[in-house]
Amino acid sequence: AQSVTQLGSHVSVSEGALVLLRCNYSSSVPPYLFWYVQYPNQGLQLLLKYTTGATLVKGINGFEAEFKKSETSFHLTKPSAHMSDAAEYFCAVSDGRTGFQKLVFGTGTRLLVSP
Amino acid sequence: DTAVSQTPKYLVTQMGNDKSIKCEQNLGHDTMYWYKQDSKKFLKIMFSYNNKELIINETVPNRFSPKSPDKAHLNLHINSLELGDSAVYFCASSQKAGEETQYFGPGTRLLVL
Numbered sequence: 002a003q004s005v006t007q008l009g010s011h012v013s014v015s016e017g018a019l020v021l022l023r024c025n026y027s028s029s030v031p032p033y034l035f036w037y038v039q040y041p042n043q044g045l046q047l048l049l050k051y052t053t054g055a056t057l058v059k060g061i062n063g064f065e066a067e068f069k070k071s072e073t074s075f076h077l078t079k080p081s082a083h084m085s086d087a088a089e090y091f092c093a094v095s096d097g098r099t100g101f102q103k104l105v106f107g108t109g110t111r112l113l114v115s116p
Numbered sequence: 011d012t013a014v015s016q017t018p019k020y021l022v023t024q025m026g027n028d029k030s031i032k033c034e035q036n037l038g039h040d041t042m043y044w045y046k047q048d049s050k051k052f053l054k055i056m057f058s059y060n061n062k063e064l065i066i067n068e069t070v071p072n073r074f075s076p077k078s079p080d081k082a083h084l085n086l087h088i089n090s091l092e093l094g095d096s097a098v099y100f101c102a103s104s105q106k107a108g109e110e111t112q113y114f115g116p117g118t119r120l121l122v123l
């Protein structure tokens with residue numbers, strides 16, 4: 002079975018500061034990894050994903066994440082936080098090799114950005 | 011030109027009632043999903059259909075029955091609603107199964123009184 006652990010239910014940063022949201026996964030097969038963002042009262046939007054190939058993945062809105070197999074991690078970063086980044090962020094894992102993608106989500110991290 | 015739409019957006023009902031939530035995608039995708047997000051924001055997959063065929067059925071009470079009349083629609087019918095069914099239900103779709111990105115609808119907020 003696959004699982005995801007997101008460390009920290011809340012992360013607070015100042016505008017302009019580095020954003021680091023942590024995600025560790027557990028998977029017995031090579032994982033596909035995703036970061037989704039959820040703004041208040043909205044659905045989820047894909048930020049970025051790792052399937053195969055380059056381990057540093059760039060996404061929308063200046064976010065990026067690095068797949069580190071040795072650490073079973075897929076942390077999300079952004080060099081400089083913006084007020085509009087305040088939202089709930091979800092890390093997810095799936096085994097795409099089975100042919101049918103079932104996303105297993107972490108419990109989410111709320112990013113708070115202060116002026 | 012909404013990609014994945016759900017109706018209704020809000021649903022308030024009494025315990026014991028039967029209700030349906032509708033989902034439509036205009037992306038031409040083959041695969042659709044239902045997720046449940048509880049009050050602690052935890053998201054869990056419930057069902058998935060690929061070309062109108064059920065392919066994922068998680069441990070969900072029999073009171074929940076998905077129906078896919080065609081590739082673009084996946085509806086969720088819930089019988090005998092219980093307090094614990096209160097949650098936000100998200101529909102999603104993807105081009106096909108596998109590594110494809112899932113596109114989520116705006117969610118239906120269900121409150122059972």
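Taken in sequence, the protein lines are chains H and E.
All the letters of the first sequence, read from the start, carry residue numbers 2 to 116 under this note's numbering.
All the letters of the second sequence, read from the start, carry residue numbers 11 to 123 under this note's numbering.
Every residue, glycine too, gets a C-beta built ideally from N, C-alpha and C.
Which class does residue i belong to by DSSP, given the choice of helix, strand or coil?
{"i": "SER85/H", "result": "helix"}
{"i": "ASP95/E", "result": "helix"}
{"i": "PRO89/E", "result": "Note on residue identity: the sequence assigns Asn, not Pro, to residue 89/E. Three-state result, ASN89/E: coil."}
{"i": "ASN62/H", "result": "helix"}
{"i": "HIS39/E", "result": "coil"}
{"i": "MET56/E", "result": "strand"}
{"i": "LEU19/H", "result": "coil"}
{"i": "ALA93/H", "result": "strand"}
{"i": "PRO79/E", "result": "strand"}
{"i": "LYS46/E", "result": "strand"}
{"i": "VAL12/H", "result": "strand"}
{"i": "LEU104/H", "result": "coil"}
{"i": "VAL5/H", "result": "strand"}
{"i": "TYR37/H", "result": "strand"}
{"i": "ASN42/H", "result": "coil"}
{"i": "GLN24/E", "result": "coil"}
{"i": "ARG119/E", "result": "strand"}
{"i": "ASN67/E", "result": "strand"}
{"i": "SER115/H", "result": "strand"}
{"i": "SER104/E", "result": "strand"}
{"i": "LYS62/E", "result": "coil"}
Please check the pair residue i and residue j, which I expect to be a contact at CB under 8 angstroms, by giving their CB distance rounded to whole angstroms.
{"i": "LEU21/E", "j": "THR118/E", "result": "6 angstroms"}
{"i": "TRP36/H", "j": "LEU48/H", "result": "4 angstroms"}
{"i": "GLY109/H", "j": "PHE91/H", "result": "5 angstroms"}
{"i": "ILE88/E", "j": "PHE74/E", "result": "6 angstroms"}
{"i": "LEU91/E", "j": "THR23/E", "result": "6 angstroms"}
{"i": "GLY107/H", "j": "ALA93/H", "result": "7 angstroms"}
{"i": "LYS32/E", "j": "THR17/E", "result": "5 angstroms"}
{"i": "THR78/H", "j": "ALA66/H", "result": "7 angstroms"}
{"i": "TYR33/H", "j": "SER95/H", "result": "5 angstroms"}
Can you tell me whether residue i is buried or exposed, with buried defined as 16 or more other CB within 10 angstroms of its CB?
{"i": "GLU34/E", "result": "buried"}
{"i": "ALA2/H", "result": "exposed"}
{"i": "HIS83/H", "result": "exposed"}
{"i": "ILE55/E", "result": "buried"}
{"i": "GLY44/H", "result": "buried"}
{"i": "PRO71/E", "result": "exposed"}
{"i": "PRO116/H", "result": "exposed"}
Does at least one heavy atom of the ligand SAM sit under 8 angstroms from the Cβ of residue i?
{"i": "GLN16/E", "result": "For the structure depicted, the ligand SAM is absent and the ligand set is empty, with no information on it obtainable."}
* Are the region 37–56 of chain H and the region 9–17 of chain H in contact at 8 angstroms, needing three or more beta carbon pairs? -> no
* Indicate whether the contact test is met: 3 or more Cβ pairs, each with one atom in the region 28–47 of chain E and one in the region 73–84 of chain E, closer than 8 angstroms. => yes
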